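A quick write-up on the structure given underneath.
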Amino acid sequence: MALDKIAYLPFAYVVDQWRWRLFSEEWKVEEMNSRWWDLRMRHQGIIPPISRSENDFDPAAKYHVVADMPYIRYFVSLILQFQLHESLCQAAGHFGPLHTCDIYRSREAGRLLSEILSMGSSRSWSEIIHVMTKGRTDKLDSRPLLEYFQPLAMWLSVQNRDEKIVGWATNNEDSALFASWAQGGSAKFSSNLGMLLIPFAAMTKLL
Numbered sequence: 225m226a227l228d229k230i231a232y233l234p235f236a237y238v239v240d241q242w243r244w245r246l247f248s249e250e251w252k253v254e255e256m257n258s259r260w261w262d263l264r265m266r267h268q269g270i271i272p273p274i275s276r277s278e279n280d281f282d283p284a285a286k287y288h289v290v291a292d293m294p295y296i297r298y299f300v301s302l303i304l305q306f307q308l309h310e311s312l313c314q315a316a317g318h319f320g321p322l323h324t325c326d327i328y329r330s331r332e333a334g335r336l337l338s339e340i341l342s343m344g345s346s347r348s349w350s351e352i353i354h355v356m357t358k359g360r361t362d363k364l365d366s367r368p369l370l371e372y373f374q375p376l377a378m379w380l381s382v383q384n385r386d387e388k389i390v391g392w393a394t395n396n397e398d399s400a401l402f403a404s405w406a407q408g409g410s411a412k413f414s415s416n417l418g419m420l421l422i423p424f425a426a427m428t429k430l431l
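Below is the structure:
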C-alpha cells in the first residue's frame with residue numbers, strides 16, 4: 225500500500241511545483257530541465273539515467289505537462305482517499321487503528337458512499353466533505369493518511385535511529401549527469417511523509 229500511495233506523493237507534488245514556478249517566472253525558461261531534475265532529486269532521490277542538458281526537455285514525457293493540465297489533483301486525491309476511508313470506517317462502526325478497518329459488506333458504509341456519490345457535481349467539494357464527515361469539517365485533511373501509515377512511520381523512525389539514515393546525496397558522479405548540479409556542489413537530502421505534507425497543509429488554507 226505504501227509503495228503505491230506514499231511513493232507516488234512526491235512525484236504528484238513535484239510536477240505542479242515545477243509548473244507553478246515556471247509560470248510565475250521564478251525560474252528561467254533556459255533552466256527548465258535542470259530545475260525538473262533538481263526537484264526529482266530533492267523530493268524523490270531520483271537522478272537522470274544518462275547525462276542531460278537544457279537541450280533536453282524531460283518534463284514533456286509527462287502528458288499533463290505538454291497538455292497544460294494541472295497535476296495537483298492527483299496529490300489531493302490521495303489525501304481525499306484516506307479521508308473518505310476514515311469516514312466510511314466510522315460509519316461501519318469500526319474501532320481501532322485505521323489500517324485494520326475493513327468495510328466489506330457494511331450497509332452503513334455503503335449508504336454513506338452512495339449518498340456522497342449521488343451528489344455528483346451538483347454540490348461543491350467542500351459541501352460533499354461536510355456530508356461525508358457528518359459535519360465535522362468541510363476541508364481536506366491529511367490526518368487520516370498520516371494515521372493510516374503511522375505504524376510504518378514508527379517502524380521507519382526506529383530504522384533511521386538504529387540503522388543507516390535513509391536519504392540521498394548528490395556527488396560528483398551524479399553531478400556529471402547535469403552540469404548545474406556541479407556548480408552548486410554536493411547536497412544531502414532526506415524526505416519523510418510529514419515534511420511532504422507541510423506544503424499541502426498550507427495550500428488547503430487557500431482552498
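Start counting the sequence shown at 225; every next residue gets the next number (the numbering used here).
Glycine included, every Cβ here is placed at the ideal spot set by N, Cα and C.
All figures in this text were calculated on a predicted structure; none of them were measured in a lab.
For D362, no alpha helix (DSSP H) segment is defined, and its DSSP state is neither H nor E. Taking the CA atoms as reference points, M225 sits about 14 Å from I303. Taking all protein chains in view, the Cβ of E332 is surrounded by fewer than 16 other Cβ atoms within 10 Å, so the residue is classified as exposed. By the neighbour-count criterion, in which a residue is buried when 16 or more other Cβ atoms sit within 10 angstroms of its Cβ, I274 is exposed.
The residue from V253, K358, E387 with its alpha-carbon nearest to that of C313 is K358. Judged by DSSP in its simplified three-state form, P283 adopts helix. From the listed residues R347, L364, Y237, the smallest Cα separation to Q268 is found for Y237.
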